[in-house]
Every structure is written in C-alpha cells, then in structure tokens.
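Let me begin by presenting the structure, written as structure tokens, before commenting on it.
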Amino acid sequence: MSTAYVGPLVPAEVVDSLQAGDLLRNSGFSPFGSAAEFITPLASIIISHFLMSLRQSTHESQQAQDDTRYSATRSRSGGTSQSVSLRFASFVGDMGEFLGHDSDYGYDEADTVAPGALGPRESCALERVEGNGIPGEIFTTVIPRPTATIVYESAHNMKVLKINNDPRVGRKEVAMDYDILHIVLGLSSKPEILSLMTKCRDMHEVGIKRLLALDIPIHKNNTFSFAQFMLADPQFRLMHLQHLHIVVPEGPFEVLWMGMMLHDILGDSSRPPQIKTISITHSERWLSANRWFYRFCISLQGLEEIDLREVGRVASKLLQEVSSEIVTARIAFDSQYPRAPPHDISSLLVNSTTRLQDLRYYGAWFQSHTVQFLALHTLEIPHCDITEIKSLLLTFPNLRSLYTTSKSWSGDIYLGRHTHIRDINLAFQEAHGRWTRLDRLSGSMDQIYVLGITSPVEFLELESKMSIENLTFVSALLADANPSRLRLILNMSYFPLALLPEMLNHSTALSHVYLTVDLPNNGAKMSDIIRILMEQVRLLPPLTHLVIRWSTMLYGSLNGPKRRSNVVDDLANLGRAIMGELPSLRFVGIESTNRAGYCMRGGDQTQLSQPVVIELTEEDGRRVISEEQMTWRP
C-alpha cells in the first residue's frame with residue numbers, strides 16, 4: 001500500500017521556520033492563544049512532529065498552499081488511484097463543536113502530489129473510512145518515527161496501523177486501539193510533545209474540555225509539558241481536569257521532582273478541582289514523598305474512582321480518611337509494606353459505603369461485618385484466602401458479580417479436605433439467606449467450591465483446568481449454581497471428553513457453553529479427537545450456543561498438511577457436523593490459533609423441512625459471542 005504526501009496542515013511559513021531550525025519563528029503560533037479550532041492543537045501536534053523529522057525533505061513541502069484545501073491519492077495494487085477530500089468539521093463525527101464553523105474545504109486535483117514523491121517513509125494520506133457510523137472523512141497520517149498510520153475513529157479513540165516499510169520483508173499491518181493523546185505522547189520520548197498544545201493558537205474551550213476529560217498518564221517524561229499546558233490557563237483548565245493518572249518513577253529524586261511540578265498546578269488552588277478519577281501506580285512511595293498530595297486527595301469532594309497500587313501504611317490511612325463518596329475502587333497491597341494493624345474492607349472505605357459499586361481488592365482482608373456496602377454490585381478479590389460465605393453475604397448483601405481466586409491452597413486435588421468448610425457455608429445460607437441472583441461468578445475452582453455459593457448464577461466462569469480429580473467438585477458447583485452460561489478449560493491429558501456430558505448435565509438451565517480444550521501432548525491424532533468429540537456431542541444437554549476453542553490446532557495430522565483456506569473449511573464443516581448431532585444448537589463456533597469457523601441456523605425452522613445452516617465470518621461470529629455474553633471476564 002503506497003500513500004501520497006499532500007503537504008503540511010500548517011501555514012507555509014511554519015515550513016520555512018522548521019527548515020531554519022526554529023519551530024516557533026514566524027509560525028503564527030503563540031504559547032497562550034485565544035480560542036478557536038480543535039483541529040489546530042491536535043493536527044498541528046502530529047504534523048509538526050512529522051515535519052520536524054523531515055527537515056531534509058521539505059523541498060516539496062514548501063510548495064504546499066497556504067489555504068486549507070487538501071487531498072490525497074492512494075495507490076492500490078491494481079495501479080488505480082483515488083482522490084478523496086477532507087472536511088475538518090466532521091473528521092471525527094461530532095468534532096464540529098471544536099471548530100465553531102462548518103466550512104467545506106473540498107479538494108482539487110492540482111493539490112495532489114504523485115505517489116512516492118517523498119519516499120516510502122515520508123508520506124501522508126487522507127482516506128475515507130466507511131461503515132463506522134461517523135459522518136464525513138477520517139484524517140489519516142503516516143509518521144516516520146515510528147512509522148505508523150493514525151486513524152481517528154471518534155473523539156476518544158483512534159486506530160493505529162503499524163507499517164513495516166522494509167521492501168525486503170514487505171508491508172505488514174497490525175491494528176490496535178488507543179486513546180488519542182496516548183498515541184500523541186507515545187510517538188516520541190521528547191517531553192515537548194504535550195507542550196506543543198500550548199503553542200497552538202486559538203484553542204477552543206470545548207476542545208480543551210474534551211482533552212481534559214481524557215485519561216492522560218503523567219510520567220517523568222511529560223510532567224513538565226503537562227504543567228505548561230495546565231498553567232497556560234490554570235483557573236479554567238484546572239476546573240475541568242477530570243482524571244489524574246500518575247505513573248510513579250523509580251528514583252526518589254524523580255518522585256520529588258514530579259511532586260513539586262504537580263504541586264505548582266494542584267497544591268495552591270483555592271478551589272479544589274472537580275477531579276473524578278485518581279490513579280497512582282506506586283501509591284505508598286508517592287504519598288510518602290509528597291505529603292501535600294495526601295491533603296489534596298482528602299479535599300476532593302467529587303472523587304468517584306480511586307486506583308491505588310502498591311498500598312502501604314500511608315495509602316491505607318488515606319483510604320480511611322478520604323471523604324469523597326467513591327463509586328469505583330481498585331486496591332492492591334504491596335507485600336513489602338506490612339499491613340499492621342490489618343485493615344479490612346469495611347474500615348478502609350468506611351466513608352464510601354453509600355455509593356461504592358465496584359471494588360477490586362487484591363489480597364482482601366475481612367475482619368468485621370459491622371459495615372455494609374449496600375450499593376456494591378461488583379466485587380473482585382483475587383489472591384484472597386476467604387473461606388466463609390458469611391463475610392461476603394453480610395458485607396455485600398446486594399452483590400451481583402463476584403471474582404475470587406485463592407493464593408495459598410495446594411490445588412484442586414486437595415479440595416476434599418475442605419468439605420467441612422463448604423458444609424458450614426451451605427448451612428449458613430440455608431439459615432440466613434443468600435444473594436438473590438449473581439450475574440457472574442468467576443475465579444478459581446477451589447475458592448468457589450469452598451464458599452459453597454448456592455445463589456442462582458447466570459454465568460459461571462472457572463479459570464482452573466478440569467481434571468479427573470476435580471470432576472466431583474465441578475459437578476457440585478454446577479448443581480448448586482445451576483448456571484445458564486458456562487466457560488471452563490478442559491485438559492484432555494487429565495480429563496477425557498467422554499466425561500463431559502455427565503458433568504454438564506448437572507446443570508438443568510445450561511444453554512451456552514464455551515470450552516477451551518488443551519489438546520493432549522501424547523501424539524494423539526486430531527482425527528481421533530474429533531471422532532470422540534462427535535460421539536459425545538449428542539449426549540450433551542440441550543445447548544443453544546456452543547464454542548470450542550482448541551489450544552493448538554493439529555490439522556497437520558488430519559489428512560496431511562493443509563492450506564489456510566482448507567483449515568477454515570474444516571472448521572466450518574466441523575461446526576455443521578456438530579450442529580447436525582445436537583438439534584437444539586443455534587450457534588456453533590470452532591476456534592483455533594488464528595483461525596475460526598462459525599455457523600448458525602437461519603430462517604424459520606418451523607417452516608423448513610431441512611434446517612438451514614449459515615456460515616458466518618469471523619467478525620460476525622465474535623459479535624455473536626459478545627452479544628450472548630460468553631466472553632471472558634474483562
């Protein structure tokens with residue numbers, strides 16, 4: 001795929017100044033401007049960075065016109081080219097708010113530069129993207145360091161296509177999604193990237209508000225730039241700052257330096273900003289070195305989400321004193337900081353009991369049941385050895401989603417030793433009640449089994465691998481929870497497929513099953529495995545949706561090596577065969593490494609003598625899995 005460069009999206013005098021080595025001289029940019037178009041800060045950041053890396057290749061760029069009419073030619077393999085226009089007022093959907101006008105900039109064939117005029121790494125393209133529900137055109141640019149194509153999909157997201165321009169290996173494209181400013185900040189290690197925003201003239205207030213609503217990680221390389229941007233108009237910008245995401249550096253001097261820089265922005269404010277989210281990667285080190293930040297957090301009244309990692313004594317005290325009504329909390333203690341005296345969940349977030357809805361507490365501690373979190377519906381407690389259901393039921397009576405894993409048990413094979421604990425938990429639920437219903441129950445098999453949860457579960461998700469030793473325990477879980485959706489991992493070396501129907505039939509409500517199958521490493525042929533699978537399918541409960549994911553696809557042992565198209569055909573044919581063996585199935589997916597085949601029944605089955613099976617694309621198949629809520633816990 002070749003692209004064509006159409007000139008910078010900045011005035012020609014900026015190009016002159018760049019060639020002379022002075023970015024700001026005669027450029028028309030001012031550090032502190034009035035207000036205008038959002039396209040100026042964001043596009044100028046990207047294009048200016050692009051131009052700075054092309055100082056030796058600006059001869060053609062100087063011919064770019066001063067007006068705002070641009071087009072691009074994209075050459076395709078067939079030798080044809082297509083010119084498209086860019087209308088800035090709609091290049092990211094509703095981005096016209098940033099501009100204050102809706103001018104049509106159009107294009108001209110005279111503006112088009114021949115493909116490859118500036119070389120393979122010095123190209124810029126404007127490309128129309130269809131089917132995203134976004135009106136207007138999408139701005140695309142190729143930046144040489146690192147070489148990347150940035151596509152704006154919406155006001156908050158963009159897609160990046162990394163392109164390898166080495167002709168010896170050809171071009172390879174990999175798609176990823178990022179936030180806009182994450183990409184802008186990640187393009188270069190230079191801390192000036194963010195400060196370029198302060199050099200852009202006529203920045204519109206709506207654009208500033210949108211930028212301040214993004215979650216921009218602040219680290220040692222961009223702290224000064226962030227300070228420049230905020231201090232350009234501190235009263236207005238601090239008032240609209242919504243997220244504070246601090247990536248704490250390793251060195252103690254750097255921690256102090258970052259703290260002083262942020263204190264200049266946040267510490268002297270007479271009116272606390274309306275920050276909604278605080279995230280700190282190493283909270284103990286940060287709070288110990290910057291005591292002013294401790295007081296700053298306590299002063300915040302609108303704080304809704306707090307994420308503290310590597311929590312120690314100081315951070316624990318902050319969690320107990322923060323006065324905001326937290327909605328979402330993420331807490332992870334650091335093993336090198338002792339939790340003495342230990343703080344249970346109730347004492348840590350006692351001021352946020354009325355609104356706390358979502359809590360992730362790594363290595364949770366339960367000590368008392370005097371405080372209840374009535375609004376909490378999502379609880380994640382990984383690496384937590386909680387063995388009694390009483391603590392959970394009394395502290396979180398309205399829970400709807402639970403994720404829990406253990407940290408010290410020896411494994412599922414020893415679960416029988418803890419049956420008496422499970423019996424106590426079952427008796428407590430019988431006497432004092434249980435959760436009305438759980439939308440999702442996820443985690444390790446041992447933890448969930450010992451808790452003995454008897455609440456009806458919509459989606460049961462087991463991370464532990466199935467083996468013959470834990471068949472009894474999983475069967476008990478299915479009987480207790482009676483889930484309608486199930487995800488689990490089978491290890492065929494230790495769990496024969498012949499036992500699968502017996503286990504699944506313990507749940508009378510089961511309709512959706514997602515199996516991840518670890519294939520045996522004993523040299524078994526894929527054809528034999530599929531034959532065994534087909535024998536067991538007809539014995540399964542009346543499922544409507546079934547997805548089987550092979551950990552490794554061994555189609556090389558099935559009638560010899562296969563081409564990619566043949567492998568996909570085999571997946572689809574296997575799905576049809578499974579659907580034929582189990583008439584209740586409406587959707588079947590067979591997934592393997594980088595390959596997948598999906599099919600579903602189509603048409604009115606009551607009017608058809610012969611069922612119609614429709615083959616789906618991989619994208620449509622994954623969409624069905626997502627819509628049917630069969631995906632792994634995020």
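Per the UniProt record's numbering, residue 1 is the first one in the sequence shown, and the count goes up by one each step.
Cβ atoms here follow ideal geometry from the backbone N, Cα and C, with glycine treated the same way.
For residue i, which residues does DSSP report across the bridge?
i, result
"G550", "In the sequence as presented, Gly is not what sits at residue 550; that position holds Trp. Beta-bridge pairing links W550 to V517."
"C599", "V588, E615"
"E305", "T277, T328"
"Y362", "A332"
"H245", "P217, S279"
"V311", "F333"
"H512", "R485, H545"
How long is the line joining the alpha carbons of residue i and residue j, rounded to whole angstroms?
i, j, result
"R295", "L266", "11 Å"
"P583", "G452", "34 Å"
"residue 635", "H219", "With the chain represented from 1 up to 634, any question about residue 635 goes unanswered, as that position is not in the structure."
"N470", "A479", "14 Å"
"D620", "A596", "11 Å"
"L187", "A289", "Here the model assigns L187 a pLDDT of 41, short of 50, so the residue's position is not dependable, and the following value carries that caveat. For L187 and A289, the distance between alpha carbons rounds to 30 Å."
"S464", "I208", "47 Å"
"R455", "T508", "Here residue 455 turns out to be Ser, not Arg, going by the sequence shown. Distance between the alpha carbons of S455 and T508 is about 15 Å."
"S511", "L394", "32 Å"
"F98", "A332", "Bear in mind that the predicted position of F98 carries a pLDDT of just 28, short of 50, making it unreliable; the figure below should be weighed with that in mind. For F98 and A332, the distance between alpha carbons rounds to 39 Å."
"V537", "P483", "19 Å"
"S299", "A431", "44 Å"
"I625", "S592", "15 Å"
"R330", "I278", "10 Å"
"F587", "E618", "13 Å"
"Q62", "H263", "Bear in mind that a pLDDT of 38 at Q62, under 50, signals an unreliable position, so the model cannot answer this."
"I534", "N491", "The question names Ile, but residue 534 in the sequence shown is Met. The alpha-carbon atoms of M534 and N491 are separated by roughly 18 Å."
"L616", "E581", "19 Å"
"Y362", "N573", "44 Å"
"R309", "S283", "6 Å"
"G251", "W286", "11 Å"
"P272", "V450", "47 Å"
"R422", "H506", "19 Å"
"I529", "P520", "10 Å"
"C297", "R622", "42 Å"
"H245", "M579", "49 Å"
"L303", "Q242", "9 Å"
"H545", "L460", "15 Å"
"V255", "F396", "37 Å"
"I389", "V322", "29 Å"
"L543", "F293", "55 Å"
"E380", "V612", "43 Å"
"A498", "R434", "34 Å"
For the beta strand (DSSP E) containing residue i, list its first residue and its last residue.
i, result
"I280", "277-280"
"S401", "401-404"
Looking at the secondary structure, which residues open and close the alpha helix (DSSP H) in which residue i lies?
i, result
"L379", "L379 -> not in any alpha helix (DSSP H); beta strand (DSSP E) instead, spanning 378-381."
"P252", "252-262"
"Q536", "526-537"
"C297", "291-299"
"S352", "Note, S352: premise wrong, no alpha helix (DSSP H); not H, not E."
"Q235", "234-239"
"L394", "389-395"
"M230", "223-231"
To the nearest whole angstrom, what separates the beta carbons of residue i and residue j, a pair I think is in contact under 8 Å?
i, j, result
"V327", "S346", "Actually they are not in contact, since the Cβ atoms of V327 and S346 sit about 17 Å apart, beyond 8 Å."
"S401", "H377", "6 Å"
"R531", "W632", "Not quite, the Cβ-Cβ distance comes to about 29 Å (not below 8 Å), so this is no contact."
"Q447", "S406", "5 Å"
"L348", "Q320", "6 Å"
"D344", "F373", "Not really, about 12 Å apart at Cβ, beyond 8 Å."
"V547", "Y494", "That belief does not hold up - the Cβ atoms of V547 and Y494 are roughly 22 Å apart, past 8 Å."
"T516", "R549", "5 Å"
For residue i and chain B, any beta-carbon pair shorter than 8 Å?
i, result
"H263", "Structure shown: chain B not included; a single protein chain is present."
* Would you mind listing the alpha helix (DSSP H) stretches within the stretch 433-504 that are 4+ residues and don't spill past its ends, in chain order? => Positions of the alpha helix (DSSP H) runs, each at least 4 residues long and wholly inside the stretch 433-504, are given as 445-451, 471-481, 500-504 in order along the chain.
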